[in-house]
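Written out below as structure tokens is the structure these notes cover.
Protein chains: 2
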Amino acid sequence: MATMKDVAALANVGVGTVSRVLNDSGAVKESTRRKVQAAMKELNYIPNAYARGLKMNKTYTVALIIPTIWHPFFSEFAYYVERNLSEHKFKMLLCNSDVSNEKELEYIQMVQENKVDGIIGITYSDLDNFVSSHLPFVTIDRHFKEETVCVTSDNFQAGQLAVEKLVEKGCRKLGYIGTHSRFPSETTKRRAGFVEQAERMNIPYAIYDEMDPVLDLLAGIKTFFEKHPDVDGVFAHTDFIALDILEVLDAMERHVPEEIQIIGCDGIKMEAGRRQIVSTIRQPVDLMAQAAVKKIIELIDGEAVKEKITLPVTYIEGPTTKNNCVK
Amino acid sequence: MATMKDVAALANVGVGTVSRVLNDSGAVKESTRRKVQAAMKELNYIPNAYARGLKMNKTYTVALIIPTIWHPFFSEFAYYVERNLSEHKFKMLLCNSDVSNEKELEYIQMVQENKVDGIIGITYSDLDNFVSSHLPFVTIDRHFKEETVCVTSDNFQAGQLAVEKLVEKGCRKLGYIGTHSRFPSETTKRRAGFVEQAERMNIPYAIYDEMDPVLDLLAGIKTFFEKHPDVDGVFAHTDFIALDILEVLDAMERHVPEEIQIIGCDGIKMEAGRRQIVSTIRQPVDLMAQAAVKKIIELIDGEAVKEKITLPVTYIEGPTTKNNCVK
Chain E
1 MATMKDVAAL ANVGVGTVSR VLNDSGAVKE STRRKVQAAM KELNYIPNAY
51 ARGLKMNKTY TVALIIPTIW HPFFSEFAYY VERNLSEHKF KMLLCNSDVS
101 NEKELEYIQM VQENKVDGII GITYSDLDNF VSSHLPFVTI DRHFKEETVC
151 VTSDNFQAGQ LAVEKLVEKG CRKLGYIGTH SRFPSETTKR RAGFVEQAER
201 MNIPYAIYDE MDPVLDLLAG IKTFFEKHPD VDGVFAHTDF IALDILEVLD
251 AMERHVPEEI QIIGCDGIKM EAGRRQIVST IRQPVDLMAQ AAVKKIIELI
301 DGEAVKEKIT LPVTYIEGPT TKNNCVK
Chain P
1 MATMKDVAAL ANVGVGTVSR VLNDSGAVKE STRRKVQAAM KELNYIPNAY
51 ARGLKMNKTY TVALIIPTIW HPFFSEFAYY VERNLSEHKF KMLLCNSDVS
101 NEKELEYIQM VQENKVDGII GITYSDLDNF VSSHLPFVTI DRHFKEETVC
151 VTSDNFQAGQ LAVEKLVEKG CRKLGYIGTH SRFPSETTKR RAGFVEQAER
201 MNIPYAIYDE MDPVLDLLAG IKTFFEKHPD VDGVFAHTDF IALDILEVLD
251 AMERHVPEEI QIIGCDGIKM EAGRRQIVST IRQPVDLMAQ AAVKKIIELI
301 DGEAVKEKIT LPVTYIEGPT TKNNCVK
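First to last, the protein sequences are chains E and P. Counting along the first sequence from 1, when you hit position 218 you're at 218 in the UniProt record's numbering, and nothing is skipped either side. Counting along the second sequence from 1, when you hit position 312 you're at 312 in the UniProt record's numbering, and nothing is skipped either side.
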């Protein structure tokens, strides 16, 4: 049986273009559309029956799985996911996994039983044996053995940008402070981008990076600063870790941003109308939610291309860096 | 046909006790239970057929309607609502109303069409004509024309407690700064409790209270402090308003807590493991969520007593008051 790839090859276009024609989404030139449709006809192409079949039984609900909604990054993401789903007449089931996979598996089963149409998941538990490429599942940041749609921000660029900004603001020795999950995630690229840029700019640096769950992060941070008293610029893996660093430095009577500058990552705000809590590399949460919703609906409605969507990050000036460049 | 009230009267107990016997929930003495059951038998009492009927068609989903999940009070509440629902095998649909009633009405219709079993709502729009006493609906803080189950914290006590604490910490003239919705809500009692306690303690006070939406709250707060330069203790209607006050006072170069002390209300934290952001009167969000879930399931499963559940608040010391009592 002909596949989308065969259609794409015959029409001499990308698989993405075939998908856009199939789903009637995105801009496709009329001539290209005709070429693709001719190729489908010639190959007697039938869109994935399983996926198309689901369309008939749609529940118009998508489950959002996150570790906890009680966290400004996840609540902002959930806000935009619900808003985008709502524009497509979908409802959103919310699941706080509390980083256990029991509830996550329950929702995967609900999809298999056609009780929910699909899942958008920010997951940190052992799901590799359950996430099949047939499951309408959009993952944020994380990779699975099976090919899935992954939406992420440019975490490598985040690390690079943080180094650039810290150096621009006069820092002479940098620190990277972070934690990471035991599951493969895009977010580990924050450190890689940091290291690459520091080496390219020939700036000395030190690293403190532990695997979650960390027993006493504050103690670890304190030891890091005792060991590296000359670090005057820090890139924190998340804004919350930046807050932890602030707390440690405050207790050590070291002044931020006068003596040490800190840039966090995520760009969390307590609510829409408030400011970021630290100087930060902001993930485009609204665009990530929009992309995740677009993709999950494509997966539910038909054949979507299994791809990774990487969205750019931006630097937001806050209270933990010097406002004037002192290069 | 006999009603719960008839049963309660014959058994010489409260309607709440009859409900507890019916729903097999809460502690009821064995002798009381027998008395109630005898009264039911004597009166040939049949539990509300409509409500009992719903039980057969349960979808095991409850919708939570809030203005926006991107707000630490609502996200904490949503976290606990989902957790409690999950313990009862219910799923939670999340709806950000964005303070428009269009989406709220959609969910009310879904309940009427048996697509959702019930609603827990923190609503600020015009719903009076839609919230009927037959609808499985638990409202937080707000009142409707029709009798509904309302879960709230002791807002009057919040105002009283704030005054007590500010006076205990040496304040000599108090200010109340707040906003209120045009719909009747329990939260207006914060101001009433403040006023009552200030008068009882014979402490002078000034009030700044505007109806939402406020165009320029920061300017209003600034004018208030210019008009009342001697105010040295403030009770803010919410923690977020306390943050706004901090911003205004910072720009006026007035020091908190040295010159002016501030107590907020709500007790928001950015995530479970963090501290409150200001000194505050904390609402018991976890218990409110628990009570709301218990009540909505009672409403879905049978006849629940239409009552208001008021839960006590507590004072949490934070960075915006003096730590030592200077009475």
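Note that CB positions come from ideal geometry on N, CA and C, so glycine has one too.
Around the Cβ of Met110 of chain P, a 10 Å sphere holds 16 or more other Cβ atoms; the residue is buried.
Counting only unbroken stretches of 4 or more residues, the alpha helix (DSSP H) elements lying wholly within the segment 164-235 of chain E are 189-200, 217-227, in sequence order. In terms of beta-carbon proximity, Asn96 of chain P lines the interface with chain E, with at least one pair separated by less than 9 Å. With fewer than 16 neighbouring CB atoms inside 10 Å of its own CB, Ser133 of chain E falls in the exposed class. Assignment of Val138 of chain E by DSSP, reduced to helix, strand and coil, places it in the strand class. Taking 9 Å as the threshold, the shortest C-beta distance from Thr61 of chain E to chain P falls below it. P:Val163 is the residue among P:Thr320, P:Phe74, P:Val163, P:Val313 whose C-alpha sits nearest the C-alpha of Arg191 of chain P. Judged by DSSP secondary structure, Ser153 of chain P falls within the beta strand (DSSP E) whose first and last residues are 149-153.
Taking one beta carbon from each stretch, the segment 237-250 of chain E and the segment 287-300 of chain E have fewer than 3 pairs nearer than 8 Å; the two do not touch.
Residues of the segment 71-84 of chain P whose Cβ lies closer than 7 Å to any Cβ of chain E, in chain order: His71, Pro72, Ser75, Glu76, Ala78, Tyr79, Glu82, Arg83. Listed by position along chain P, the residues whose Cβ is nearer than 8 Å to that of Ala272 of chain E are Thr68, Trp70. Nearest in C-alpha terms to Lys189 of chain P, of all of P:Ala27, P:Gly26, P:Ala236, is P:Ala236. The beta-carbon of Met288 of chain E is placed no less than 9 Å from the nearest beta-carbon of chain P. A direct Cα-Cα distance of roughly 13 Å separates Thr68 of chain E from Trp70 of chain P. Annotation: Ser75 of chain E to Ser75 of chain P spans about 7 Å, alpha carbon to alpha carbon. Fully contained in the segment 261-307 of chain E are the following alpha helix (DSSP H) runs of length 4 or more, in chain order: 285-301. For Lys35 of chain E, the secondary structure class from DSSP, reduced to helix, strand or coil, is helix. The beta carbon of Pro229 of chain E sits closer than 6 Å to no other beta carbon from its chain once the five residues preceding and following it are set aside. Check the Cα spacing between Asp266 of chain P and each of P:Glu253, P:Arg282, P:Gly273, P:Val151: the tightest is with P:Arg282.
In terms of beta-carbon proximity, Lys189 of chain P stays away from the interface with chain E, with every pair separated by 9 Å or more. In this structure the segment 144-158 of chain E touches the segment 192-201 of chain E; the number of beta carbon pairs closer than 8 Å is three or more. Against Lys145 of chain E, chain P offers no close residue; the least beta-carbon distance is about 28 Å (beta-carbon pairs closer than 7 Å). With a cutoff of 9 Å on beta-carbon distance, Glu258 of chain E and Lys322 of chain E are scored as near each other.
Glu271 of chain E is positioned such that its CB atom lies closer than 9 Å to that of Phe240 of chain P. A buried status is given to Met40 of chain P, since no fewer than 16 other beta-carbon atoms sit within 10 Å of its beta-carbon.
The C-alpha of Thr179 of chain E lies about 49 Å from the C-alpha of Ala198 of chain P. Rounded to whole angstroms, Pro319 of chain E and Ile277 of chain E show a C-alpha spacing of 8 Å.
Excluding five sequence positions before and after Val116 of chain P, the CB atoms of its chain that fall closer than 8 Å to its own CB belong to Thr59, Thr61, Val62, Ala63, Leu93, Tyr107, Met110, given in chain order. With contacts defined as CB atoms closer than 9 Å, Gly175 of chain E and Phe144 of chain E fail to qualify as a contacting pair. Chain-ordered listing is empty here: chain P has no CB closer than 7 Å to the CB of Ser181 of chain E, the nearest sitting near 17 Å. If one requires a minimum length of 3 residues, the beta strand (DSSP E) runs lying completely within the segment 81-136 of chain E are 91-96, 118-121, in chain order. When beta bridges are read from the DSSP output, Val62 of chain E appears opposite E:Met92, E:Gly118. At least one CB of chain P lies nearer than 9 Å to the CB of Leu93 of chain E.
Taking every protein chain shown into account, the CB of Val214 of chain E has fewer than 16 other CB atoms within 10 angstroms, so this residue is exposed. The three-state secondary structure of Tyr315 of chain P, taken from DSSP, is strand. A direct Cα-to-Cα measurement between Glu82 of chain P and Asp98 of chain E gives close to 11 Å.
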